[in-house]
Structures are given as C-alpha cells and as structure tokens.
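S.K.: Dumping the structure here so I can ask a few things about it.
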Ligand SMILES: Cc1cc2nc3c(=O)[nH]c(=O)nc-3n(C[C@H](O)[C@H](O)[C@H](O)COP(=O)(O)OP(=O)(O)OC[C@H]3O[C@@H](n4cnc5c(N)ncnc54)[C@H](O)[C@@H]3O)c2cc1C
Ligand SMILES: Cc1cc2nc3c(=O)[nH]c(=O)nc-3n(C[C@H](O)[C@H](O)[C@H](O)COP(=O)(O)O)c2cc1C
Ligand code: FES
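Protein chains in written order, with my numbering: chain W, 1121 to 1421; chain R, 33 to 319.
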C-alpha cells in the first residue's frame, strides 16, 4: 500500500511526528496495530521498520482542537525541508517516532509529498475497556504511541463508558525531551503525570515510582485496568504492579522484527513461546517478547 | 518457488497473494519433533542483507501434516517439505512421514543450516553428503532435493557426492555464515554470535556457487540467494538454474514471488522469448 507524507514535524529531542495520507489504513486499522514501513527504495536498509499508529483519522471531536503544530515543535530542525503543518483528516494516520538508527534517520528527512510504502495494518488490536474502570496508561518515551490511538478509539466508540472511566497517563522518560505527545492527552482531558530520571520534567525518578502511591482516590473504587508500552524493564515493573494489584493489563511489546506478519520467526521472545508459533499467536505472561500483539498481564490469583 | 524459512507454512502469505500462482511452496524446515529454535535476538540487519539464527523453530512434521497441509492441499500448489534432523535416521523418518502424508510433492533436505549444532555437518564433508543422500534416496520415492551450503571449500565436490547419492535436484544455496557486533555493547548482534547471511548481499556468492555446481553435475539446479527481482532471477536461469527460490525478499514485500513471476513474463514478452526455459544455461562468454 502506498501513502504519502503530509507532514513530518521535529518534536523535542530526537522525536518526530509524521502524518501520512493513507485513507484505507485510516479506516481499516485499530488501536494497538502497527505497520511495516519501507523507508528506502534501495537495498540498504533492506527490511521494513515497524511503527505503531499514534492516531488514525481525524480523531474524536474535541472541546479544544490543538491549533497548528504541537508545542515543542522545532521548525528549524531540518532547514530547507518543507515539513508541513499538523492537519489530521479522516484519511490520515500519524506515527510518532524516535531517531535511533539508519532507518529512522531516513524517515526524519522525508519531505512532504514523498510516497511511503506501507504494509499493514498488522498485529492484534488492543482490547477496549468493557466496564467503568480506573485506567492507568503507563508509557515510557516513544511507547506513548499506541496509547493515544487507544484512548481516541475508546472515546469515539464508547463515549459513555469513556466518560465513566477515570483515566490517567503516567509518562516516564530519561529526560524532558523524551516526553512527547502529552498535550494530545491533555486535550482529551486525560490528566498526565510525568517522571524523568534526571528530574528535568515532572517528578524525578522512574514512572513506576508515580504508581507506588497509587491508591484509588475516587469516591467509589473502580476496578483498575492497565495499558502500557515502553522499555522492557519498565513493562516488567508494570507487570509486577499488575500482579500486586490483581489488576488486568495489556502491554504493547517491541522487539526486533524481520517481517511483521509471522513468516520469519525473528520476533519470538524467549523459549517459552511454543514451537512454530510467533509471539502473536501465543502471548505468554512474561513481558519481553512479542511485537505483534498485546500481552495480557494477568493478576496472580 | 519460495525459499524455506522465509515463507512460513505458506498460509501466512494468503492475505497478500494467490498462492496458486507459485510453482511450489517450500515450507519452513520440518523436524521429527517440534523445535523451539534459538534464543533472541535471532535476526540482525546488515548492509543489503540480514543475519538469522532462527534455529529451525518448527511445529514438527506431524503437526504440519495435520494442521497446515490440508489447507495447502486445497490450494493445489505443489508443496515441498524442507526437512531437517540431527541424525540420518531422523532425516529419513521425516522424509517417510512427508511421503506418507500424500500431500507433499518433493523433499528438500536441508543439510546446510548454519544455525544448529550438526546442522552443517552433512554439507561439509562429501562422505557425509553421500551417506545421507543415499539413505534418503532409500527412504523416499519422492523427488529428492539436496540443499547445499556455500560454507565449504569446494562446493563441486559436495554437489558430486549428492548426485552420486541419488539426488534428483540440488538447491543452491543456503545462507552464508556471518556475524555482526554491536560496538556499543560489544555483544554479537545475534544471541548465537554467528548466523546465516541472506538477501541481495549474498547474490554474487549464490551465483558463483550455482555456476560451479553447474559445471560439476548434470542434475537440475534450483537457484537461491538474494533474488529480489525478475532480473535477479534471470541471472540464475542464465547460469543454469531451472527454477529459483525467493527468500528474504518475501519479508520486504510479501508479494515478491508473484511480482518476480510477472516480471519474468514481461521479460519474455518484450524479448520474444516463447519459453522461459530456453534461457536456462545460456551464459555467453565474451570473445
Ligand atoms: C510493533 C512495534 C511498534 C513500534 N512502534 C514504534 C513507534 O511508534 N515509534 C518508534 O519510534 N519506534 C517504534 N518501534 C521501534 C522501531 O521500529 C525501531 O526504533 C526502528 O525500527 C529502528 O530502525 P532504525 O533503522 O532507525 O534503527 P536500527 O539501525 O535498526 O537500530 C538502531 C538501534 O535501535 C535498536 N532497535 C531497533 N529496532 C528496535 C526495536 N524494535 N526495539 C528496540 N530497539 C530497537 C537496535 O538494536 C539498535 O541498537 C516499534 C517497534 C515494534 C516492533
Ligand atoms: C529467517 C530465515 C529462515 C530460514 N530457514 C530455513 C530453513 O528452515 N531451511 C532451509 O533450508 N533454509 C532456510 N533458510 C535459508 C533460505 O531458504 C535461503 O536458502 C537463503 O535465505 C538464501 O536466499 P535469500 O537470500 O533469497 O533469502 C532461512 C533463511 C532465512 C532468512
Ligand atoms: S517479525 Fe517476522 S515473524 Fe514476527
């Protein structure tokens, strides 16, 4: 499938926000799914790169529409490149990405109008909440990506249930520049609590520290539900908390992927995965594998 | 055809292409018992290629026959069982089960996987190649393909041994043993340190191997290694392959195999070639 770059904005740190015109993807994809992008037509880099959707389509109606580019946007990051402005539409999808290597560096230089070869949607969608809950969104850095689209989809499909849930985003990073996209949650009126390891934004420490004082504060106690995406160590800590709270949770996991659709068996993690099944087919209870689906963090009974 | 280990059990690709168009589907290497494969990371990208050390993770021949084969038979495309064992007996047992299943068109013996202990042994020593080929020849009446490794001093010697042992065709080639290091952590980028290199980076090696084997034996040859486009496939045909397998390209574009077929048809049309087979073994020497 081919899309084309609508905008490619430099955010804080090494992070970027890319909007792509891809009507079919915008309509047929679900929160938590991902795509494999071909970043180059040449043979190097050869393999596609996986990216979670950050948003699909225009998004739910909002009280406050974010005007223009998000705060922190640095228009001078790539001089001479027309980067566009953030204009979501029913035909657009967004990715938020961090430059870590060759492939993402090429992406950061993509100009408006450039065609992009996309394979997707792939992977399993996030299951949406089914009852009024206290929802903890726990993100580490660029792990924020699948959580925005999740909340937008939830609000769009189940506006009443969305209103009955008490949702908080706990967002961690090494430094302030790792915290990108928080304002998109704020416009949905989801409170955001931030922790950075160097203390440059929010509280000093790791994001799970914010959760330790996490007694339900609402009048009636809602069942807790956790969605998380971020570094493996963080998700392992979250999984421990889930067990402690006896709360169910879903984690969106990352790993090296060769194909994204179950053909290479490169993405399985650990030897726990039964033979012949990619992690997609067999999510285990241990965080730290998969890339395709969502691990259910089951409470220990 | 699609190369073993890069096309799953075929069914993973149904959403992307009409499997009925393929000449054959070579499925992921099958062993007698299910195998878990190697620890991760199992893949690492390298310039114009990738290293893998999947370690022959597979469902085992029985689960393949009961769970995957029925659907593959419905599609009707010939299924080639790529087989693997730790001992000659295991290889033969898998080959026998493949034949008994009634749904397998041929057996391709992977005697050249660099990612499991013993994996390469049978492809390194002509005596071992001869022995395993003879044993498999007795074990099955199905067409027998022997898959050779480039990780040898002289592939011609191994090719002759396979031919003497009674192989019906040779698949040239499996991956090239390689390695990559993360300089920040100083760790190898594969958990097993070394792995098999595939993709366009190995194409010249594959072509050379095919060329050498072509001169050594008269058997039909299947060209494998870094084929991404119809033009790449033509190189192999011209050097002497009667068929080709598409491997790593399937990861980059799941439709690669059928696109290559379309490209070959277009080439034949544009160049007034009535039958693509007439291109086989037509390498011209300068002067
Ligand atoms: C399902 C899935 C969804 C993803 N979603 C996003 C997203 O929304 N935004 C985003 O920025 N990134 C996301 N990633 C990670 C992203 O795919 C990688 O950062 C990217 O492929 C790196 O490509 P590169 O060529 O720039 O780096 P490379 O040169 O390939 O690698 C550079 C460094 O990054 C490490 N690395 C590469 N891939 C990964 C990975 N998957 N996980 C952890 N480390 C990796 C390498 O080991 C290496 O040290 C996702 C990964 C998966 C599996
Ligand atoms: C991820 C991966 C798994 C593979 N698994 C097998 C296997 O199970 N059996 C086998 O005979 N070859 C296996 N191979 C080798 C391929 O079939 C092929 O010989 C090799 O990759 C070269 O072709 P290519 O460059 O087109 O990929 C595998 C290759 C890759 C990349
Ligand atoms: S990325 Fe290829 S099987 Fe998961």
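Built from N, CA and C at the ideal position, the CB exists for glycine as well.
At a CB-CB cut-off below 8 Å, which residues of chain W make contact with residue 86 of chain R?
M.R.: Those within 8 Å of residue 86 of chain R in chain W are 1384, 1385 and 1386.
S.K.: Taking 6 Å as the limit between beta carbons, can you name the residues of its chain near residue 1344 of chain W, skipping five residues before and five after?
M.R.: Only 1254, 1365 and 1367 meet the Cβ criterion.
S.K.: Taking only runs of the alpha helix (DSSP H) that begin and end inside the segment 101-136 of chain R, which ones reach a length of at least 4 residues, in chain order?
M.R.: List check, alpha helix (DSSP H) in window: 101-107 and 120-133.
S.K.: Under 9 Å Cβ-Cβ, which residues of chain R neighbour residue 1167 of chain W?
M.R.: Going along chain R in sequence order, the residues near residue 1167 of chain W (Cβ under 9 Å) are 75, 77, 82, 231, 280, 283 and 284.
S.K.: Mind checking residue 60 of chain R: buried by the 16 CB within 10 Å criterion, or exposed?
M.R.: Buried.
S.K.: I believe residue 232 of chain R touches residue 258 of chain R by the beta-carbon criterion, under 8 Å. Please report the beta-carbon distance rounded to the nearest angstrom.
M.R.: That belief holds up - the Cβ atoms of residue 232 of chain R and residue 258 of chain R are roughly 4 Å apart, short of 8 Å.
S.K.: Of all Cβ atoms in chain R, is any one closer than 8 Å to the Cβ of residue 1164 of chain W?
M.R.: Judged by the 8 Å Cβ criterion, residue 1164 of chain W is in contact with chain R.
S.K.: For residue 84 of chain R and residue 1380 of chain W, I'd like the C-alpha separation in whole angstroms.
M.R.: Between residue 84 of chain R and residue 1380 of chain W, the C-alpha separation is close to 15 Å.
S.K.: Report the rounded CA-to-CA distance for residue 1305 of chain W versus residue 276 of chain R, giving the unit in angstroms.
M.R.: Those two C-alpha atoms are separated by around 52 Å.
S.K.: Could you give the DSSP three-state label for residue 91 of chain R: helix, strand or coil?
M.R.: The answer is coil: DSSP assigns residue 91 of chain R none of H, G, I, E or B.
S.K.: Could you tell me the distance, in whole angstroms, from the CA atom of residue 271 of chain R to the CA atom of residue 66 of chain R?
M.R.: Answer to the nearest angstrom: the Cα atoms are 37 Å apart.
S.K.: If I follow the unbroken beta strand (DSSP E) through residue 1230 of chain W, where does it start and stop?
M.R.: That residue, residue 1230 of chain W, is in no beta strand (DSSP E); it is neither H nor E in DSSP.
S.K.: Whole angstroms is fine: what's the gap from residue 1157 of chain W's alpha carbon to residue 55 of chain R's?
M.R.: Their Cα atoms are separated by approximately 29 Å.
S.K.: Once DSSP output is grouped into helix, strand and coil, what is the label at residue 1132 of chain W?
M.R.: In the structure shown, residue 1132 of chain W sits in coil (DSSP, three-state: anything other than H, G, I, E or B).
S.K.: What is the rounded straight-line gap between the Cα of residue 1149 of chain W and the Cα of residue 50 of chain R?
M.R.: Roughly 23 Å separates the two Cα atoms.
S.K.: Which of helix, strand or coil does DSSP assign to residue 1327 of chain W?
M.R.: Helix at residue 1327 of chain W.
S.K.: At a threshold of 7 Å, does residue 211 of chain R count as lining ligand 4 (C-beta to nearest heavy atom)?
M.R.: Among the ligands modelled here, namely ligand 1, ligand 2 and ligand 3, ligand 4 does not occur.
S.K.: Determine, using beta carbons only, whether residue 39 of chain R comes closer than 8 Å to chain W.
M.R.: By this cut-off, residue 39 of chain R is an interface position.
S.K.: From what residue to what residue does the alpha helix (DSSP H) around residue 1272 of chain W run?
M.R.: First-last of the alpha helix (DSSP H) with residue 1272 of chain W: 1265-1277.
S.K.: Would you tell me roughly how many angstroms separate the C-alpha atoms of residue 1133 of chain W and residue 1313 of chain W, rounded to the nearest one?
M.R.: Using only the alpha carbons, I get a separation of about 19 Å.
S.K.: Less than 8 Å between the beta carbons of residue 74 of chain R and residue 311 of chain R, yes or no?
M.R.: No, the Cβ-Cβ distance between residue 74 of chain R and residue 311 of chain R is not below 8 Å.
S.K.: Can residue 1281 of chain W and residue 1299 of chain W be called in contact, C-beta distance under 8 Å?
M.R.: Contact: no.
S.K.: Using only CA atoms, which one of R/64, R/86 and R/72 lies nearest to residue 40 of chain R?
M.R.: It is R/86 whose Cα lies nearest to the Cα of residue 40 of chain R.
S.K.: Note down the Cα distance separating residue 1124 of chain W from residue 179 of chain R, rounded to an integer number of angstroms.
M.R.: Approximately 42 Å, taken between the alpha carbons.
S.K.: Do residue 112 of chain R and residue 52 of chain R come within 8 Å of each other at the CB atom, strictly closer than that value?
M.R.: Their beta carbons are not under 8 Å apart, which means residue 52 of chain R does not touch residue 112 of chain R by this criterion.
S.K.: Can you tell me the Cα-Cα spacing of residue 289 of chain R and residue 264 of chain R, whole angstroms?
M.R.: Approximately 12 Å between the Cα atoms of the pair.
S.K.: So, for residue 1270 of chain W: in the same chain, excluding its five sequence neighbours on each side, which residues have a beta-carbon less than 7 Å away from its beta-carbon?
M.R.: Correct list, in chain order: 1151, 1152, 1246 and 1347.
S.K.: Do residue 135 of chain R and residue 105 of chain R have their C-beta atoms within less than 8 Å of each other?
M.R.: A contact, by the Cβ cut-off of 8 Å.
S.K.: 8 Å is my cut-off, CB to CB: does residue 217 of chain R come that close to chain W?
M.R.: No, no contact with chain W.
S.K.: Could you check whether the Cβ of residue 46 of chain R sits closer than 8 Å to any Cβ belonging to chain W?
M.R.: Chain W, which has no Cβ nearer than 8 Å to the Cβ of residue 46 of chain R, makes this no.
S.K.: Quick one: does residue 1171 of chain W have its CB under 8 Å from some CB of chain R?
M.R.: Judged by the 8 Å Cβ criterion, residue 1171 of chain W is not in contact with chain R.
S.K.: Tell me whether residue 93 of chain R, by its Cβ, gets closer than 7 Å to a heavy atom of ligand 2.
M.R.: Residue 93 of chain R: no, Cβ never under 7 Å from ligand 2.
S.K.: Nearest-angstrom Cα distance between residue 1146 of chain W and residue 99 of chain R?
M.R.: Whole-angstrom Cα-Cα distance: 34 Å.
S.K.: Would you check if the segment 1223-1240 of chain W and the segment 1261-1275 of chain W touch, i.e. whether three or more CB-CB distances between them fall below 8 Å?
M.R.: The answer is no - the segment 1223-1240 of chain W does not touch the segment 1261-1275 of chain W, with fewer than three Cβ pairs under 8 Å.
S.K.: According to the neighbour-count rule (16 or more other Cβ atoms, all chains shown, within 10 Å of its Cβ), is residue 215 of chain R buried or exposed?
M.R.: Under this definition residue 215 of chain R is an exposed residue.
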